[in-house]
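Take a look at the structure set out below.
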Amino acid sequence: MIEFILNNKHICTKEPVGKSLLDFIRYTMDLPGTKSGCREGDCGACTVMEGSLIDNELNYKTIVSCLTPLGNVQGKHIVTIEGLNMNHLSPAQQAIVEHGGTQCGFCTPGFVVSLTNQSLSKEVGNPDKALAAIDGNICRCTGYKSIERAAKSLADSFNGEKNSLANLVEQGHLPKYFMGIADRLQQLKTNQKQVGNSAVILGGGTDLLVQKADGIIEDELDFLSGRNELKGIQIQDNICKIGAATTAAEISNSVELQKYFPHLKSDFKLISSTPIRNMGTIGGNLANASPIGDLSIFFLALDTEIQLQDKEGTKRNIPLKEFFIDYKKLDLHSDEYIQHIAFRIPEKNEYFNFEKVSKRQHLDIASVNTAIRIRIKNESIVEASLSAGGVSPIPLQLSKTASFLVGKKLKEETILEANKIMQSEISPISDIRGSDTYKRLLLRQLFFAHFMKLFPAKISFGKLFALTNQQKL
Ligand SMILES: Cc1cc2nc3c(=O)[nH]c(=O)nc-3n(C[C@H](O)[C@H](O)[C@H](O)COP(=O)(O)OP(=O)(O)OC[C@H]3O[C@@H](n4cnc5c(N)ncnc54)[C@H](O)[C@@H]3O)c2cc1C
Ligand code: FES
Ligand code: FES
Numbered sequence: 001m002i003e004f005i006l007n008n009k010h011i012c013t014k015e016p017v018g019k020s021l022l023d024f025i026r027y028t029m030d031l032p033g034t035k036s037g038c039r040e041g042d043c044g045a046c047t048v049m050e051g052s053l054i055d056n057e058l059n060y061k062t063i064v065s066c067l068t069p070l071g072n073v074q075g076k077h078i079v080t081i082e083g084l085n086m087n088h089l090s091p092a093q094q095a096i097v098e099h100g101g102t103q104c105g106f107c108t109p110g111f112v113v114s115l116t117n118q119s120l121s122k123e124v125g126n127p128d129k130a131l132a133a134i135d136g137n138i139c140r141c142t143g144y145k146s147i148e149r150a151a152k153s154l155a156d157s158f159n160g161e162k163n164s165l166a167n168l169v170e171q172g173h174l175p176k177y178f179m180g181i182a183d184r185l186q187q188l189k190t191n192q193k194q195v196g197n198s199a200v201i202l203g204g205g206t207d208l209l210v211q212k213a214d215g216i217i218e219d220e221l222d223f224l225s226g227r228n229e230l231k232g233i234q235i236q237d238n239i240c241k242i243g244a245a246t247t248a249a250e251i252s253n254s255v256e257l258q259k260y261f262p263h264l265k266s267d268f269k270l271i272s273s274t275p276i277r278n279m280g281t282i283g284g285n286l287a288n289a290s291p292i293g294d295l296s297i298f299f300l301a302l303d304t305e306i307q308l309q310d311k312e313g314t315k316r317n318i319p320l321k322e323f324f325i326d327y328k329k330l331d332l333h334s335d336e337y338i339q340h341i342a343f344r345i346p347e348k349n350e351y352f353n354f355e356k357v358s359k360r361q362h363l364d365i366a367s368v369n370t371a372i373r374i375r376i377k378n379e380s381i382v383e384a385s386l387s388a389g390g391v392s393p394i395p396l397q398l399s400k401t402a403s404f405l406v407g408k409k410l411k412e413e414t415i416l417e418a419n420k421i422m423q424s425e426i427s428p429i430s431d432i433r434g435s436d437t438y439k440r441l442l443l444r445q446l447f448f449a450h451f452m453k454l455f456p457a458k459i460s461f462g463k464l465f466a467l468t469n470q471q472k473l
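For the sequence shown, our numbering begins at 1 and goes up steadily by one.
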């Protein structure tokens, strides 16, 4: 039995836990405002708000309902466009109208839901953040400029005002029933139950529901996202532990982690879109074993260790690089799941950088991605770790290249020599994301970018470029 609040209505349903929230909203509840577009998380037409109590505080985020199994909304407040409609147009709806941000209207509910959710965010009033909030919504009619103007004007309209729930209700952004939601959610249980050994493990569902949406409807599912012991980020004695059910958004928004990774937010902005980052977990990213998984590449360069646990509670720790055995083949027993990851926080003289190139800048998976962690002392490299995706059947730790770098002077000639070794460590194939030659070239350029970004006073693009012209791939 799944219990949650849909708009202002208490839901208690025996529908299969693997059924998509989108189908439940549209076909069981007959609420057609939430649109069914791609059903793969790409278009945002099915975007809804998900509210939950975190430390007794009501928090909202956007999710795509097409990739959300019903089991993941246990104990939550789900808001569709119908749940935002009032007798008047809300400021988000009004902004879309005034700026001509709708034509055929298919995408409009998704945009309004995303913009309304942004009005509840701590970053309200910032036009750039308002644009970022609609990065998961696609429109094929308007050419976006009118929607962008609507988003910016809505952000400007806040003018430094506080956006408490009470204020938003009073100013007509949200219907009155929102004021009673926190109390109503207190009465509902979240999904914390662990199930049998044969259950299919599910994090955010952003991979599983794309791969086999219909295939899991009747399966027994183990919903890790509801289990608090698998969530959260802890830093103690310089070791950072991240629970497997922690989402990409929770990692990127961690103020504590941002201290050690100043570019964390902009790096993670290159991963999928706001709603997908709100749903997809670190455990799911590692376990789907994609050779271009962004989180796999990010955490490989940090020499991350993962803790696996079977359903009897037996634990084992392995280095992340040993987790990936072959294409989509993992060192993971059938009754095991990832419990958490752990890595050492970079120290003062250590530097970290992540690079990703994809066909589109946003909402696209990588053609090639790479990360580096490097420690420098007296202008020499004393420690290095390097990872790369899209250049082998698995997310790769480039151990030979990293070993070569250690003990060398930080200079252009070292980087060029290291590139030769790196090229011997990879085996890219030609596919839809580019030819093997292109991927080799791309990794070389991203490798250079690591050094140019981290050491702009030491590594000159001009010299690298001149030396490169003398070196064949
Ligand atoms: C539109 C779209 C864009 C995307 N863009 C990107 C991108 O830019 N970069 C990127 O890297 N990925 C991207 N992805 C892929 C996906 O969002 C991520 O890989 C995400 O982190 C998967 O996490 P999840 O919790 O949703 O996985 P789920 O779908 O829940 O699970 C994926 C697999 O992992 C298993 N699993 C989940 N958790 C665990 C665990 N703790 N232990 C063991 N097994 C587990 C599941 O059984 C399943 O086989 C995108 C996906 C979509 C739909
Ligand atoms: S239908 Fe396109 S994201 Fe859900
Ligand atoms: S108005 Fe037609 S898809 Fe956006």
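The C-beta atom is built at its ideal place from N, Cα and C for all residues, glycine as well.
Quick caveat, the model's predicted, so the values are computed rather than measured.
{"Query": "Alpha-carbon to alpha-carbon, Ala289 and Arg316", "Result": "19 Å"}
{"Query": "6 Å CB neighbourhood of Asp303 in its chain, flanking five on each side removed", "Result": "Ser385"}
{"Query": "7 Å CB neighbourhood of Ile271 in its chain, flanking five on each side removed", "Result": "Ala248, Arg277, Asp294"}
{"Query": "Within 8 Å, strictly: CB atoms of Leu21 and Ile81", "Result": "no"}
{"Query": "Contact test: Phe451 Cβ vs ligand 3 heavy atom, cutoff 7 Å", "Result": "no"}
{"Query": "Start and end residues, beta strand (DSSP E) containing Phe4", "Result": "2–6"}
{"Query": "Under 8 Å between C-beta atoms of Ile25 and Ser65", "Result": "yes"}
{"Query": "Touch test, the stretch 238–254 against the stretch 171–179, Cβ-Cβ under 8 Å, three pairs minimum", "Result": "no"}
{"Query": "Burial state of His99 (16 or more Cβ within 10 Å)", "Result": "buried"}
{"Query": "Neighbour-count burial assignment, Lys409, 16 or more Cβ in a 10 Å radius", "Result": "exposed"}
{"Query": "Spatial distance of Ile297 from Phe106 (CA atoms)", "Result": "36 Å"}
{"Query": "Three-state class that DSSP yields for Pro456 in the structure shown", "Result": "coil"}
{"Query": "For Met484, the three-state DSSP class (helix, strand or coil)", "Result": "The first residue shown for the chain is 1 and the last is 473, placing residue 484 beyond what the model contains."}
{"Query": "Glu40: CB within 7 Å of a non-hydrogen atom of ligand 1", "Result": "yes"}
{"Query": "Cβ shell of Ala182 (< 6 Å), same chain only, five flanking positions each side left out", "Result": "Leu58"}
{"Query": "Contiguous alpha helix (DSSP H) assignments of at least 4 residues, all confined to the stretch 112–155", "Result": "127–133"}
{"Query": "Of the listed residues Leu84, Arg140, Leu185, nearest to His10 (C-alpha basis)", "Result": "Leu185"}
{"Query": "Residue span of the alpha helix (DSSP H) that contains Asp183, given as start and end", "Result": "181–186"}
{"Query": "Sequence-distant residues of its chain with Cβ nearer than 8 Å to Glu218 (five each side left out)", "Result": "Pro16, Gly18"}
{"Query": "Ligand 2 heavy atom lying under 7 Å from the CB of Cys139", "Result": "no"}
{"Query": "Local conformation of Gln307 per DSSP, three classes", "Result": "strand"}
{"Query": "Closest residue to Asp267 among Glu355, Phe455, Tyr260 (Cα-Cα distance)", "Result": "Glu355"}
{"Query": "Continuous alpha helix (DSSP H) stretch holding Asp294: start and end", "Result": "294–300"}
{"Query": "Which residues DSSP lists as bridging Leu53, in chain order", "Result": "Leu58"}
{"Query": "Three-way DSSP call (helix, strand, coil) for Gly434 in this model", "Result": "strand"}
{"Query": "Residue interval of the beta strand (DSSP E) (run including Leu386)", "Result": "380–389"}
{"Query": "Ile429 (DSSP reduced to helix, strand or coil)", "Result": "coil"}
{"Query": "Leu308 and Ile338 closer than 8 Å at C-beta", "Result": "yes"}
{"Query": "Span of the alpha helix (DSSP H), counted from its first residue to its last, around Gly462", "Result": "461–470"}
{"Query": "Cβ shell of Lys189 (< 6 Å), same chain only, five flanking positions each side left out", "Result": "Gly75"}
{"Query": "Inter-stretch contact (C-beta, 8 Å, three-pair minimum) for the stretch 463–470 and the stretch 392–401", "Result": "no"}
{"Query": "C-alpha distance - His263 paired with Ser114, whole-angstrom precision", "Result": "24 Å"}
{"Query": "Span separating the alpha-carbon of Leu224 from that of Gly280", "Result": "11 Å"}
{"Query": "Supposed contact pair Gly243 and His333 - C-beta distance, whole angstroms, cut 8 Å", "Result": "Their Cβ separation, rounded to whole angstroms, is 20 Å, which puts His333 and Gly243 out of contact at 8 Å."}
{"Query": "Integer Cβ distance of Ile155 from Ala130, believed to fall under 8 Å", "Result": "Contrary to the premise, residue 155 reads as Ala rather than Ile in this sequence. So it is a contact: roughly 4 Å between Cβ atoms."}
{"Query": "Beta-carbon proximity check, Ile134 vs Phe158, cutoff 8 Å", "Result": "no"}
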